[in-house]
Amino acid sequence: AGLDNLDPLFLKLSAAIVATPITSLLNLSLVSSEIPKDWKAAAVIPLFKGGDTLDPNCYRPISILPCLSKVFESLVNKQIIDHFESHRTFSAVQSGFRAGHGCTSATLKVLNDIITAIDKRHYCAAVFIDLAKAFDSVNHHILIGRLNSLGFSNDCLAWFTNYFADRVQCVKSEGLLSGPLAVSMGVPQGSILGPTLFSVYINDVALAAGDSLIHLYADDTILYTSGPSLDTVLTNLQTSFNAIQHSFRGLQLLLNASKTKCMLFNRSLPAPARPTSITTLDGSDLEYVDNYKYLGVWLDCKLSFQ
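Using the UniProt record's numbering, the first residue of the sequence shown is number 1, and each one after it goes up by one.
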């Protein structure tokens, strides 16, 4: 349970009794564009992953929000998603957190593009982009601006502004509770709305891909291009990668250069042992790899899947 100490099972069992007053409370929140402050307080439970018990990096933080806030968010989230899908708001190359889309369909789409290029005896090069703490880095003002550009009413914008305001989190461990820490950035961890709002936040990044292909799945992005000339392929990929980096920077999302990798897909065409480097805007050369785990599937440069 979160800081409300309310077990979701209790809410489910008492639904017939509490449904009406909860509905009134939710409607009041929408009308007034205000959310109870207690609903914006998260309990963060550190789960030990192994290693040094004194090293904070050896713990995985699990954020738990109050039960009623998640009930409310699920209703708002459904309305938003229904609106976005009916108006085709999401980019066709965005698969994260969408009904009818998933890791499997996203991976198959990318693989089909790459295999088609290889069958044409073309070179295909890709950049697997890793962002540093993407969900925690979302700028609320930029996100509200994105919602505004999508036609959200002033009342809706006021509600979301309040949704992000005055958020706090407390660490809950071994029966002890820390003092509150203000959270001024990012989509709320453990929330229902968070993944959808993140998808909205990065949706237009795909427009910067230029002549390359791109696929977005949450904070996993692959940028790839193909052609008969390896030099041209790598030049085009570098140009697109530069534009994508600028787009992410405009959203205040930072590239994790050490985890962003390149791969040259090739089964039989001649290729140099060390292809031309793809570089970040800061001048760092990306590492070429022969294997990469993309959306849970290990890909290798020859697509042998071995």
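Every residue gets a Cβ at the ideal spot worked out from N, C-alpha and C, and that includes glycine.
Keep in mind it's a predicted model, so treat the numbers as computed, not measured.
Quiz item: By Cβ distance, which residues of its chain are closer than 6 Å to Thr276, with the 5 residues on each side in sequence left out?
Solution: Correct list, in chain order: Leu234.
Practice problem: Put Pro61 into one of helix, strand or coil per three-state DSSP. | Solution: strand
Quiz item: Does the segment 245-257 come close enough to the segment 275-293 to have 3 or more Cβ pairs within less than 8 Å?
Solution: With three or more CB-CB distances shorter than 8 Å, the segment 245-257 counts as touching the segment 275-293.
Quiz prompt | Neighbour-count burial assignment, Phe48, 16 or more Cβ in a 10 Å radius | solution = By the C-beta density criterion, Phe48 is exposed, having fewer than 16 other C-beta atoms within 10 angstroms.
Quiz prompt | Cβ separation of Tyr217 and Cys124, assumed to be a contact under 8 Å, to the nearest whole Å | solution = Tyr217 to Cys124, Cβ: 19 Å. No contact.
Self-check item: CB of Tyr292 within 9 Å of CB of Val110, strictly
Solution: no
Quiz item: In the segment 12-89, which residue ranges form an unbroken beta strand (DSSP E) of at least 3 residues, counting only runs that do not cross its ends?
Solution: 41-48 and 59-64
Self-check item: Whole-angstrom distance between Val289 and Ala158, CA atom to CA atom
Solution: 46 Å
Quiz item: Where Ser33 and Ala132 are concerned, what is the direct C-alpha to C-alpha distance, given to the nearest angstrom?
Solution: Annotation: Ser33 to Ala132 spans about 32 Å, alpha carbon to alpha carbon.
Quiz prompt | C-alpha gap between Gln238 and Ser149, whole angstroms | solution = 30 Å
Quiz prompt | Residues of its chain near Phe84, where Cβ-Cβ distance is below 7 Å and the 5 sequence neighbours each way are ignored | solution = Result list for Phe84: Phe90, in chain order.
Quiz item: Which residues bound the beta strand (DSSP E) around Gly190?
Solution: First-last for Gly190: undefined, no H or E at that position.
Exercise. Would you verify that the beta carbon of Asn256 is, or is not, closer than 9 Å to some beta carbon of chain C?
Key: As a matter of chain content, chain C is missing from the structure shown, which is built from one protein chain.
Practice problem: In the DSSP assignment, find the beta strand (DSSP E) that holds Phe128 and state where it starts and stops. | Solution: Tyr123 to Asp130
Practice problem: Figure out for me which residue from Asn5, Ile81 and Val171 has the closest Cα to the Cα of Tyr59. | Solution: Val171
Self-check item: Inter-stretch contact at 8 Å, needing at least 3 Cβ pairs: the segment 292-306 / the segment 138-156
Solution: Contact fails: fewer than three Cβ-Cβ distances are below 8 Å.
Quiz item: Looking only at C-alpha atoms, which of Arg121, Asn27 and Thr196 sits nearest to Pro228?
Solution: Arg121
Quiz item: Under a three-way DSSP split, which group does Asp300 fall into?
Solution: strand
Practice problem: Could you tell me if Val76 is buried or exposed, where buried requires 16 or more neighbouring beta carbons within 10 angstroms of its beta carbon? | Solution: buried
Practice problem: Can you tell me which of the three DSSP states Gly227 falls into? | Solution: Strand at Gly227.
Practice problem: Measure the Cβ-Cβ separation of Asp113 and Leu213 and say whether it is below 9 Å. | Solution: yes
Practice problem: Alpha carbon to alpha carbon, how far is Phe128 from Ala42? Give it in angstroms, no decimals. | Solution: 32 Å
Self-check item: DSSP beta-bridge partners of Gln94
Solution: Beta-bridge pairing by DSSP links Gln94 to Leu216.
Quiz item: Roughly how far, in whole angstroms, is the beta-carbon of Val44 from the beta-carbon of Pro61, given that I think they are within contact range, below 8 Å?
Solution: 5 Å
Quiz item: Around the Cβ of Arg88, are there at least 16 other Cβ atoms within 10 angstroms (buried) or fewer (exposed)?
Solution: exposed
Practice problem: Identify, in the order they occur along the chain, each residue of the same chain with its Cβ nearer than 8 Å to the Cβ of Gly194, setting aside the five sequence neighbours on each side. | Solution: Phe135, Val187 and Pro188
Exercise. Measure the alpha-carbon distance for Ser178 versus Arg267 and round it to whole angstroms.
Key: 56 Å
Quiz item: Taking DSSP as the reference, what is the three-state secondary structure of Ser178?
Solution: coil
Quiz item: What are the start and end residues of the beta strand (DSSP E) that includes Lys172?
Solution: Arg167 to Ser173
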